[in-house]
Amino acid sequence: MTHPSEMFMITGLAMIPWNVINMPVIEIPQISLEEQRKYAGRHAAIVEGRIVSSGDTAREAFQKAKELFPEKKTDEIGLLYIPREEMMIL
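For the sequence shown, this note's numbering begins at 462 and goes up steadily by one.
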């Protein structure tokens, strides 16, 4: 059995699964103001530098992207939460 300290790394107040630390970096595309408004408060899935799906949860956005791009590996689909305007700090 794996000890919990081997499974998670604590960063600030968030617990991140250890395997996430070694995942490849996916470049986050520039999000236009129109896209920010369209996806505000939602999780977006990114494939090849563009938003391809969204959902109320990261899982929902990921599953939609996987249906659209079944040939993509899990680590080739990026996830990004786009905050609502009232959450943005400028």
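Glycine included, every Cβ here is placed at the ideal spot set by N, Cα and C. Owing to the predicted nature of the structure, the values given are computational and were not obtained by experimental measurement.
Contact under 7 Å by Cβ, residue i with residue j
{"i": "A526", "j": "I543", "result": "no"}
{"i": "R503", "j": "S515", "result": "yes"}
{"i": "A522", "j": "A501", "result": "no"}
{"i": "R520", "j": "P490", "result": "no"}
Close Cβ partners of residue i (< 6 Å) along its chain, the five nearest in sequence each way excluded
{"i": "F530", "result": "V508"}
{"i": "R545", "result": "A501 and G502"}
DSSP three-state assignment for residue i, whether helix, strand or coil
{"i": "R520", "result": "helix"}
{"i": "R498", "result": "helix"}
{"i": "K527", "result": "helix"}
Bridge-paired residues (DSSP) for residue i
{"i": "I507", "result": "I512 and G539"}
Buried or exposed (CB count within 10 angstroms, at least 16 for buried), residue i
{"i": "T463", "result": "Here T463 scores only 46 on pLDDT, less than 50, and its place in the model should not be relied on; the value that follows carries that caveat. Classification of T463: exposed, given that the 10 Å Cβ count is below 16."}
8 Å Cβ shell around residue i - same chain, five flanking residues per side excluded
{"i": "K533", "result": "V508, A526 and K527"}
{"i": "L540", "result": "H504, A505, A506, I507, A519, A522 and F523"}
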